[in-house]
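Residue numbers (our numbering): 126 to 310.
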């Protein structure tokens with residue numbers, strides 16, 4: 126908000142509602158106007174008169190001038206202090222805004238990295254499922270192949286036996302015996 130609503134009974138404002146608002150940066154200058162200075166001096170005067178004895182109720186013109194100067198120097202010092210504090214606050218806000226921007230950039234980078242990693246995880250999961258299915262198919266194929274291989278081995282052994290038996294068959298009436306597992310003593 127660039128403006129601060131001021132309700133000042135001392136100021137005679139006329140015009141639109143926007144004329145009744147004073148920018149915060151101009152607020153100090155507004156209170157330094159003659160009308161405000163006079164009111165502040167009269168308040169200080171009343172305050173001082175209450176504390177002094179009845180004999181010293183009157184304040185000379187010289188005392189008023191000194192009070193005005195003292196108040197003016199206090200106000201100037203206060204203005205400088207306020208200005209310095211506002212500057213420090215602005216610098217702090219700028220530092221914090223820079224930090225927030227850095228954090229936002231980091232958050233965006235982490236978000237992008239997270240999306241990339243999620244896509245990688247999805248891809249790896251799909252590839253893993255595909256490999257797992259392939260392994261299951263190969264395992265099923267090998268499981269089906271083993272009984273067939275056993276049958277083929279039995280058939281091969283049977284054929285080998287038949288071939289061996291056919292070698293020792295004679296067609297001229299002689300009989301040849303095959304002796305296996307013979308040991309000499």
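Yeah, the Cβ is synthetic: ideal placement off N, Cα and C, and Gly gets one too.
Computed from a prediction, not measured in an experiment: that's the story for all the values here.
Residue i burial status per 10 Å Cβ neighbour count (16 or more: buried)
i           : result
residue 292 : exposed
residue 302 : exposed
Contact test: residue i Cβ vs the ligand NAD heavy atom, cutoff 8 Å
i           : result
residue 259 : In terms of ligand content, the structure shown is empty, and the ligand NAD therefore cannot be addressed.
Starting from the N-terminal side, write out each stretch of the alpha helix (DSSP H) that is 4 residues or longer and does not extend beyond the segment 214–289.
none
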